[in-house]
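What follows is a single structure, written as structure tokens, with notes after it.
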DNA sequence: TGTAATAGTTATACTTTTGTAACCATTACA
DNA sequence: TGTAATGGTTACAAAAGTATAACTATTACA
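Residue numbers (this note's numbering), protein chains in the order written: chain A, 125 to 271; chain B, 125 to 271.
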């Protein structure tokens, strides 16, 4: 097909386990929120408000799982349900102030160890990684986030 | 602390769920191997040979879980155990030819959908992403892969 | 030599994730 | 109006990941 695309896919597949190890794993010890819950919160932060189905599409998760995750997030006061005035089948999910704040706090805590390792990089490498990670993030969001 | 490092951590945390959705999720439908098994195979491909403990350090997984994953990989013929001649406590894990081949095949299948989305990017974006993902990969490997 | 440390396995319990089917309420539309 | 489609929940089952303790075998070393 396309050699450049193959290279990109190969790179992303290599990056994935490193992020899994450095981000999903510490989550368990640093907070009570699950990886799934964290992903849902991230989607809500990005889009502000999402229906249950939209969340499922964002994360490729089956609807029943979304219900379970959202139920737990509501228990913790991180999100709330909001009936859609136009279509009463739809339940919109909204992140709360507490949710936004704790989301940032958890990200800080989770990335603590990661940041220690990042600080061992020299200035030039940090610059490269800052730019490169920003580009990867933006481009991936543009093609992968919704649907 | 350091603003640039905060930005990098933030970017990586944003990238993580996108890769999770695009790589770990399709794995289930495209193959019989689990994400954990895939991570172990990736580590073995990178380092050639690893003891059980080394694998645990690479992936921050508890030893009993490694045993379970490796047992399953052996069943499938993807890896094999090799006693260490110098220290008989150590069990080294080696990826087989079949393991290497199937690992590549599975990566191909898993990234099929991802590549379709990547192909919607214009030439310039593909160039940027190819370079950026390569840089992110190399730098992250240098600070995150072992221990 | 004997005690502590290390590598790995076994066993067990629990949480999270995944998958499916059945169900209700609402909406779309023929 | 009635039938199909959609959005969401409930219920259930199974797989995968996480965590810990107990155990064997081996090695390190005081």
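Note that the Cβ used here is the ideal one computed from N, Cα and C, for glycine as well.
Please read these numbers as outputs of a predicted model, since none were measured by experiment.
Kindly list, in the order they appear in chain A, the residues whose Cβ is closer than 7 Å to that of residue 131(B). Residue numbering aside, residue 131(B) sits at position 7 when the second chain is read from its first letter. Against chain A, the beta carbon of residue 131(B) has neighbours under 7 Å at 254, listed in chain order.
Please check if any C-beta of chain A sits within less than 8 Å of the C-beta of residue 166(B). Mapped onto the second chain, residue 166(B) falls at position 42. Yes, contact with chain A.
If distances are taken between C-alpha atoms only, which option among 246(A), 266(A), 239(A) comes closest to residue 244(B)? Residue 244(B) sits at position 120 when you count from the first residue of the second chain. Just measuring C-alpha positions, the residue of 246(A), 266(A), 239(A) sitting nearest residue 244(B) is 266(A).
So, for residue 165(B): in the same chain, excluding its five sequence neighbours on each side, which residues have a beta-carbon less than 8 Å away from its beta-carbon? In the second chain, residue 165(B) corresponds to position 41, counting from 1. Result list for residue 165(B): 157, 197, 202, 203, 219, 223, 227, in chain order.
Using a Cβ cut-off of 7 Å, pull out every chain B residue sitting near residue 328(A), in sequence order please. Here chain A has residues from 125 to 271 only, and residue 328(A) is not among them.
Assigned secondary structure, residue 204(B) (DSSP; H/G/I helix, E/B strand, else coil): Locating residue 204(B) in the second chain gives position 80, where the first residue counts as 1. Correct three-state label for residue 204(B): strand.
Could you give the DSSP three-state label for residue 157(B): helix, strand or coil? As a first step, residue 157(B) is located in the second chain; it is residue number 33 there, counting from the start. Note: residue 157(B) maps to coil in three-state DSSP.
Three or more C-beta pairs under 8 Å: does that hold for the region 250-259 of chain B against the region 254-261 of chain A? Contact between the region 250-259 of chain B and the region 254-261 of chain A is present, because at least three Cβ pairs lie under 8 Å.
Assuming the contact rule is C-beta atoms closer than 8 Å, residue 148(B) and residue 159(B) should be a hit. Round their C-beta distance to whole Å, please. By one-based count along the second chain, residue 148(B) stands at place 24. By one-based count along the second chain, residue 159(B) stands at place 35. Confirmed, Cβ separation roughly 5 Å.
Note the first and the last residue of the continuous beta strand (DSSP E) segment covering residue 126(A). As a first step, residue 126(A) must be located in the first chain, where it is residue number 2. Neither: residue 126(A) is in no beta strand (DSSP E) and is coded neither H nor E.
Selected residue, minimal CA-CA separation from residue 209(B), among 145(B), 127(B), 175(B): Looking up residue 209(B) in the second chain gives position 85. Cα-wise, what sits closest to residue 209(B) is 175(B).
Where does residue 214(B) fall in DSSP's three states? Residue mapping note: residue 214(B) aligns to position 90 of the second chain, counting from 1. Assignment of residue 214(B) by DSSP, reduced to helix, strand and coil, places it in the coil class.
So who's on the other strand from residue 174(A), going by DSSP bridges? Here the question's residue 174(A) lines up with position 50 in the first chain. Answer is 217(A), bridged to residue 174(A).
Per-residue contacts from residue 196(A) into chain B (C-beta, under 7 Å): Along the first chain, one-based indexing puts residue 196(A) at 72. Here the premise fails: no neighbours, minimum Cβ distance about 17 Å.
Does DSSP put residue 270(B) in a helix, in a strand, or in coil? Residue mapping note: residue 270(B) aligns to position 146 of the second chain, counting from 1. In this structure, residue 270(B) counts as coil in the three-state DSSP scheme.
Under 8 Å between C-beta atoms of residue 133(A) and residue 235(B): To locate residue 133(A), count along the first chain from 1; it is residue 9. To locate residue 235(B), count along the second chain from 1; it is residue 111. Contact annotation: residue 133(A) and residue 235(B) have beta-carbon atoms nearer than 8 Å.
For residue 141(B), three-class secondary structure by DSSP: Indexing the second chain from 1 puts residue 141(B) at position 17. Reduced to three states, the DSSP call for residue 141(B) is helix.
So residue 239(B) packs on residue 129(A), CB below 8 Å; how close in whole Å? On the second chain, residue 239(B) is found 115 positions in, with the first residue counted as 1. On the first chain, residue 129(A) is found 5 positions in, with the first residue counted as 1. In this structure residue 239(B) touches residue 129(A) by the C-beta definition: roughly 5 Å separates them, less than 8 Å.
Leaving out five residues on either side along the sequence, give the residues of the same chain with a beta carbon under 6 Å from the beta carbon of residue 233(A). As a working note, residue 233(A) is residue 109 in the first chain. Only 154 meet the Cβ criterion.
Could you name the residues of chain A that residue 265(B) contacts, counting a contact when the two beta carbons are closer than 8 Å? Taking the second chain and counting its residues from 1, one reaches residue 265(B) at position 141. Chain-order list of chain A residues neighbouring residue 265(B): 138, 142, by C-beta distance under 8 Å.
Is there at least one Cβ from chain A nearer than 8 Å to residue 174(B)'s Cβ? Walking along the second chain from the start, residue 174(B) turns up at place 50. At a cut-off of 8 Å, the C-beta of residue 174(B) has no neighbouring C-beta in chain A.
Spatial distance of residue 178(B) from residue 152(A) (CA atoms): Taking the second chain and counting its residues from 1, the one referred to as residue 178(B) is at position 54. Taking the first chain and counting its residues from 1, the one referred to as residue 152(A) is at position 28. Distance between the alpha carbons of residue 178(B) and residue 152(A) is about 22 Å.
Using a C-beta cutoff of 8 Å, does residue 207(B) count as contacting chain A? If you number the second chain from 1, residue 207(B) lands on position 83. Judged by the 8 Å Cβ criterion, residue 207(B) is not in contact with chain A.
Between which two residues does the alpha helix (DSSP H) harbouring residue 325(A) extend? In the structure displayed, chain A extends from 125 to 271; residue 325(A) sits before or after that span and is not available.
Beta-carbon separation (whole angstroms), residue 263(B) vs residue 252(A), contact threshold 8 Å: The residue given as residue 263(B) occupies position 139 in the second chain. The residue given as residue 252(A) occupies position 128 in the first chain. Confirmed, Cβ separation roughly 7 Å.
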